[in-house]
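Numbering (the working numbering), first residue to last: 7 to 416. Where is the CB? At the ideal position from N, CA and C, for every residue including glycine. None of the values given here were measured: they were computed from a predicted structure.
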């Protein structure tokens, strides 16, 4: 699968369909809920000349990773879980929504069925949209149009920060971290902490009692993921109020939200300038931000290499012949593999023979990978094995993705 990777819509849009095949093949991707919402919202966006809005959404859907991707839990729900004492992983594991837990031979198995988002992307590729999705697209676009970034000054005033002292993004980050530390000083300030996170009023007493029972620890110890999210929000508010980030682009509010999902990856890939500027302030020391154009060029080189293989090999399907990163790939992708998934450079190819294909039904596949799971009740799940059910298109761009024995495509 490859390194755990977060991407944004701008990167997927930059890829050709063939390039997207190799991104899906060699990277294990976390799909932020925001990506689904952004893509759907394009139904209400003015399309390019010669295209319909449905065409534009279908193009993005066709390039979205299918085999090696999982939908991430919504960050607001993760914040609430964190505040209530259900720790959120922040070292590169993907907190996967809707995990089904089972036990066998003393081991925990987690199964994640084909997500509804993935099913929607399949429909969108075919130009089929539910009426409720069209309504959601209209609502999202209208909400975006109503955003006034200048109002963010009111948010920072709540915690007594003077914007005039914010001269750089470094200042904004330092001041945001300092503001968070001050919110644990009194019970009143803790109330402000919950208000800024928009915690439902019905949960605030339980959360406050938990904080009190733990003897009022630092917020970073109490709810590290919730603190991470709020730090990003305060940083953004300060940067906009200090005119370090333009207040004329409502889309910045959408773009910055991808940062909330940084703890769940090794790599963040984007072609958005705001991400390139702001993401480094929130990356762990073991993470990397990759400019999308740099990776795109290497994916194009991989595509050209595989196109040189004999036709009879290509007809086997990429999951038959492209087991490992080819030797000719010796640039950025190999560098990322060496750092994050070195074992995948050493593994011998594992043939998809007849016996191993018995549980690969037409259009489906079982993929095993390490990740963090959340069950249907929102509880964190520790496990020994994770099984992902996927519906995979027979062909994508120039490529057969999975083929049956005898070269009969699925």
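Beta-carbon separation (whole angstroms), residue i vs residue j, contact threshold 8 Å
i           : j           : result
residue 268 : residue 288 : 5 Å
residue 71  : residue 35  : 5 Å
residue 238 : residue 266 : 6 Å
residue 315 : residue 327 : 7 Å
residue 74  : residue 145 : Contact doesn't hold; Cβ gap of about 31 Å is too wide.
residue 100 : residue 78  : 6 Å
residue 272 : residue 91  : With 8 Å as the limit, residue 272 and residue 91 do not qualify as a contact, their Cβ atoms being about 27 Å apart.
residue 41  : residue 276 : Wrong, their Cβ atoms sit about 11 Å apart, outside the cutoff.
residue 391 : residue 115 : 5 Å
residue 118 : residue 76  : 7 Å
residue 225 : residue 203 : At roughly 10 Å, the Cβ-Cβ gap does not stay under 8 Å, so residue 225 and residue 203 are not in contact.
residue 300 : residue 14  : At roughly 15 Å, the Cβ-Cβ gap does not stay under 8 Å, so residue 300 and residue 14 are not in contact.
residue 407 : residue 337 : At roughly 24 Å, the Cβ-Cβ gap does not stay under 8 Å, so residue 407 and residue 337 are not in contact.
residue 96  : residue 230 : 6 Å
residue 321 : residue 409 : 7 Å
Residues near residue i in its chain [Cβ-Cβ closer than 6 Å; skip 5 each side]
i           : result
residue 60  : 133
residue 403 : 23, 24 and 27
residue 349 : none
residue 213 : 89
Residue environment, residue i, which counts as buried when at least 16 other CB atoms sit within 10 Å
i           : result
residue 209 : exposed
residue 368 : Confidence at residue 368 is low in this model, with a pLDDT of 33, below 50, so its placement is unreliable and no value can be given for it.
residue 346 : buried
residue 264 : buried
residue 304 : buried
residue 111 : exposed
residue 361 : At residue 361 the pLDDT is 35, less than 50, meaning the model places this residue with poor confidence; the figure from the coordinates comes in the next sentence. So residue 361 ends up on the exposed side.
residue 192 : exposed
residue 38  : buried
residue 262 : buried
residue 319 : exposed
residue 52  : exposed
residue 250 : buried
residue 207 : exposed
residue 317 : exposed
residue 165 : buried
residue 504 : An answer regarding residue 504 cannot be provided, because it is not within the stretch 7 to 416 covered by the chain.
residue 280 : buried
residue 240 : buried
residue 294 : buried
residue 333 : exposed
residue 138 : exposed
residue 187 : exposed
residue 236 : buried
residue 125 : exposed
residue 232 : buried
residue 248 : buried
residue 356 : Its pLDDT being 43, under 50, residue 356 is placed unreliably by the model, and nothing is read from it.
residue 372 : Residue confidence is low: residue 372 scores 38 on pLDDT, short of 50, so the model does not pin down where it sits. No coordinate-derived value is stated.
residue 252 : exposed
residue 298 : buried
Residues of its chain near residue i, where Cβ-Cβ distance is below 7 Å and the 5 sequence neighbours each way are ignored
i           : result
residue 167 : 181, 185 and 244
residue 331 : 32, 339, 340, 343 and 351
residue 143 : 46, 47, 49 and 50
residue 140 : 49
residue 306 : 25
residue 130 : 63, 64 and 67
residue 80  : 39
residue 228 : 217 and 220
residue 82  : none
Residue(s) in a DSSP beta bridge with residue i
i           : result
residue 34  : 10
residue 117 : 106 and 393
residue 404 : Looking at the DSSP assignment, residue 404 forms no beta bridge with any residue, so it has no partner.
residue 276 : 297
residue 77  : 37
Proximity test, Cβ basis, 8 Å: residue i and chain C
i          : result
residue 96 : The structure shown contains no chain C; it is built from a single protein chain.
Proximal residues to residue i (C-beta, below 8 Å), its chain only, five neighbours per side dropped
i           : result
residue 11  : 33, 34, 35, 36, 271, 272, 273, 274 and 275
residue 56  : none
residue 223 : 190 and 217
Contact between the stretch 238-250 and the stretch 169-181: three or more CB pairs below 8 Å?
yes
Does the pairing of the stretch 19-27 with the stretch 87-99 give three or more beta-carbon distances under 8 Å?
no
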